[in-house]
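Q:
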Amino acid sequence: MIEERDRLRALVGAGIALSSARSLDELLQRLVETAAALTGARYAALGVIDREGQALERFITTGIDGAVRTAIGDPPHGRGILGVLIRDAETLRLHDISDDPRSVGFPPNHPPMRAFLGVPVMLRDVAYGNLYLTEKAGGADFDEEDEEMVGLLAAQAAVAIENARLYETATRWSSQLEALNEIGTALASEIKLPRVLALITEHLRKLIDARLVAIALPRPDGTLVIEAADGDSAAEMLGRQLERAGSKSGRVLERARAERVDDLRADPEVDYEVARPLAATTGLYVPLVARHRVIGVVVAHDKVGDDPRFSDDDLRLAEQFAIRAAVAVDQSARVARDALRRVVEAQELERRRLARELHDQTGQELTSVILGLKAVEEAQDPAGHAEALEQVRAQVVETLHDVRRLAVELRPKALDDFGLVAAIERLVQTFGEQTGIKVDLVAQLADERLASDVETALYRMVQEALTNIVKHAQAASVSIVIGRSAAAVSAVVEDDGRGFDTAARREGMGLDGMQERLALLDGRLKIESRPGAGTTLVGEVPLR
Ligand SMILES: Nc1ncnc2c1ncn2[C@@H]1O[C@H](COP(=O)(O)OP(=O)(O)OP(=O)(O)O)[C@@H](O)[C@H]1O
Ligand SMILES: [Mg+2]
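Note that the sequence shown covers residues 0 to 543 in numbering that gives the first Met the number 0.
(1) For SER489, which residues of its own chain have a beta-carbon under 6 Å away from its beta-carbon, when the five flanking residues on both sides are left out?
(2) Contact between the segment 364-384 and the segment 420-434: three or more CB pairs below 8 Å?
(3) Indicate, with yes or no, if ligand 1 has a heavy atom lying under 8 Å from the CB of GLU177.
(4) Report yes or no: do the segment 140-156 and the segment 28-40 share at least 3 C-beta pairs separated by less than 8 Å?
(5) Compare the Cα-Cα distances from VAL298 to each of VAL285, ASP305, PHE141, ALA503 and report the closest residue.
(6) So, at 8 Å on beta carbons, what are the nonlocal neighbours of ARG543 in its own chain, with the 5 sequence-adjacent residues on each side left out?
(7) Using only CA atoms, which one of LEU45, LEU283, GLY498, HIS400 lies nearest to ALA159?
(8) Taking VAL120 as the reference, which of ASP87, ARG101, GLN346, LEU357 has the closest Cα?
(9) For ligand 4, list every residue whose C-beta falls under 7 Å from any of its heavy atoms, going in chain order.
(10) Does any heavy atom of ligand 1 sit closer than 8 Å to the C-beta of SER478?
(11) With a threshold of 8 Å, establish whether the CB of THR434 neighbours any heavy atom of ligand 1.
(12) Just list the alpha helix (DSSP H) runs in the segment 401-449, keeping only unbroken ones of 4 residues or longer that don't cross its boundaries, in chain order.
(13) Is it right to say PRO267 is buried, meaning 16 or more other beta carbons lie within 10 angstroms of its own, or is it exposed?
(14) Of the residues GLU493, ALA413, GLU258, ALA485, which one's Cα is nearest the Cα of SER476?
(15) Answer yes if the segment 331-338 comes into contact with the segment 220-236, meaning at least three C-beta pairs across the two stretches below 8 Å, and no otherwise.
(16) Give me the Cα-Cα distance between PRO307 and LEU203, rounded to the nearest whole angstrom.
(17) Flag this pair as touching only if the segment 318-329 and the segment 276-293 have three or more C-beta atom pairs under 8 Å; answer yes or no.
(18) Quick check: does the Cβ of ASP229 come within less than 8 Å of any heavy atom belonging to ligand 1?
(19) Give the range of the alpha helix (DSSP H) segment to which SER451 is assigned.
(20) In three-state terms, what does DSSP make of THR570?
(21) Contact between the segment 402-416 and the segment 443-460: three or more CB pairs below 8 Å?
(22) Would you list the residues sitting across from ASN129 in a DSSP beta bridge?
(23) How is the alpha helix (DSSP H) around ALA487 delimited, first residue to last?
(24) What residues are listed by DSSP as bridge partners for LEU241?
(25) With distances taken between CB atoms, is the gap from VAL303 to GLY282 smaller than 9 Å?
(26) Can you grab the Cα-Cα spacing for the pair ALA421 / ASP446, in whole Å?
(27) From what residue to what residue does the alpha helix (DSSP H) around PHE320 run?
(28) Look at GLU134 and ARG113 and say whether their C-beta atoms are less than 9 Å apart.
(29) Do ARG210 and ALA317 have their C-beta atoms within less than 9 Å of each other?
(30) For VAL441, which of GLN240, VAL491, GLU347 has the nearest alpha-carbon?
(31) To the nearest angstrom, how far is it from the Cα of VAL537 to the Cα of GLU527?
(32) Given this structure, state the Cα-to-Cα distance separating ARG68 from HIS94, to the nearest angstrom.
(33) Please confirm whether MET508 has its beta-carbon closer than 9 Å to some beta-carbon of chain B.
(34) Grab me the residues of LEU153's own chain with a C-beta within less than 6 Å of its C-beta, minus the 5 sequence neighbours each way, in chain order.
(35) Would you check if the distance between the CB atom of PHE496 and the CB atom of ALA464 is smaller than 9 Å?
(36) With a threshold of 8 Å (Cβ to nearest heavy atom), would GLY531 be considered close to ligand 1?
Rendered as structure tokens:
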């Protein structure tokens, strides 16, 4: 018989083990061994019930060596007497397990066990598991004192399990919050769509421990394409086209409902393009929904570890990320539409101006050519005839000049033939001749050619800036600098005119059009002006 003093010492020792164990498993192992030692039980075990309260998540034993354990096979599933303990969470003391009507017997090769003591591992009415002991030394029954002692150990086990779970939950929560935060920041700071989607797949994959997370979006032509992927063979997945009609992603897109598939082999709707190369066995599919429309699908495959199935928590988390991905996709589509609309609007405006010019200017001139020809016809004498003819000739020359000017405004030929600097040189020359304003042009670009859209945007910017100077500035001189660095080209147009309040509401389209054009090329426009202090426009476009 073990002495009372030894028991107390062992109990205190187990308490110390609580604080010195390096892991939950190690700590529970020590508690089980202490329980066996204190009660004189040959076998002891501790079963930890999973969070759902359904089955045993851990089963820690003492007294059973490796060979016996292998012979028995799987740890208990929680049927029979152990099931009673899991469900009822009550202390159970039996003289012989097999006498109890609820016993289902032992599996083959199981060592004989008769006397039994089972104590629930509980804290604040939550059952975390059970501590079981069998085969008290000398074939005796477990007594009340054993029960009390094991109860104390079970309480310590409960605290340890609860702490471990709280810690795990807290760490999970904080990394989830961090990830969602980072994505929120990316969404708010207008980072490009592929980057936001990459962030989303990367974080989601880490948080749910998946082998692969991908985002598939429908293209305008109706195909479904993987636009972001993180994890196993992510690089090969990117850009892959999924079959829309027969695939899971396609179906989830249509049904607009998230799905969790625990066994892909049993599901006829599988994305073979993804599942096969990955040899995936499970899947999570969550639709991206923006303003009641499904605009994509988040797909995850295979949880890393023993069990490849995803949990409900994983699904909920994926849904959180899908909401953000949907916002990002929707936002970017809207920005693109908006930019396009404005460009079309600006073009429309330009066309209307040219139409007006053709009508008012060229039309008038041609009308006077007709009138002039009439005068030629009706001329009475050779001198009058020659004079009328000379007038018509002058009118035609002027009309031709205007038509040329209009053509230049539509698309300067010099821009196509000789490049940005040459085209601006011409523009400046005409401008000086027509207005008498002195223009100083410095170009650090020489005759290097740039992408055609970059040249057009900067040319249009300078053109509109000069037009504005004539219309609004009352300037005496203008300076234009075309600059070039390793990464960007810039155009700076500065005048010494009356300036304007940049904060005031503007009516015209000119400056906004410049801004739009440059923004479409990832560039930007800076407007510096103050009443009485001249105006400086700085346009910059990065080189690709
Ligand atoms: N160089 C400048 N000097 C003084 N004021 C300017 C200058 N450039 C622009 N502004 C002011 O800014 C306003 C907006 O210019 P913006 O080019 O956008 O429109 P607009 O020239 O009035 O019309 P639009 O260009 O559509 O024909 C002008 O109306 C004018 O008041
Ligand atoms: Mg203007």
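Ideal Cβ placement from N, Cα and C applies to all residues, glycine included.
A: In brief:
(1) GLY482, GLU539
(2) no
(3) no
(4) yes
(5) VAL285
(6) ALA450
(7) LEU45
(8) ASP87
(9) This structure lacks ligand 4; its bound ligands are ligand 1 and ligand 2.
(10) no
(11) no
(12) 412-417, 419-434
(13) exposed
(14) GLU493
(15) no
(16) 16 Å
(17) yes
(18) no
(19) 451-467
(20) Outside the modelled stretch of the chain, which goes from 0 to 543, sits residue 570, for which no answer is possible.
(21) yes
(22) GLY46, PRO119
(23) Not the alpha helix (DSSP H): ALA487 falls in the beta strand (DSSP E), residues 487-494.
(24) LEU223
(25) no
(26) 8 Å
(27) 311-356
(28) yes
(29) no
(30) VAL491
(31) 8 Å
(32) 24 Å
(33) Absence of chain B from the displayed structure is noted, only one protein chain being present.
(34) The sequence given here places Ala at residue 153; Leu does not occur at that position. Closer than 6 Å at Cβ, skipping near neighbours: VAL118, VAL120, LEU130.
(35) It should be noted that the sequence gives Gly, not Phe, for residue 496. In this structure, ALA464 does not lie closer than 9 Å to GLY496 by Cβ.
(36) no
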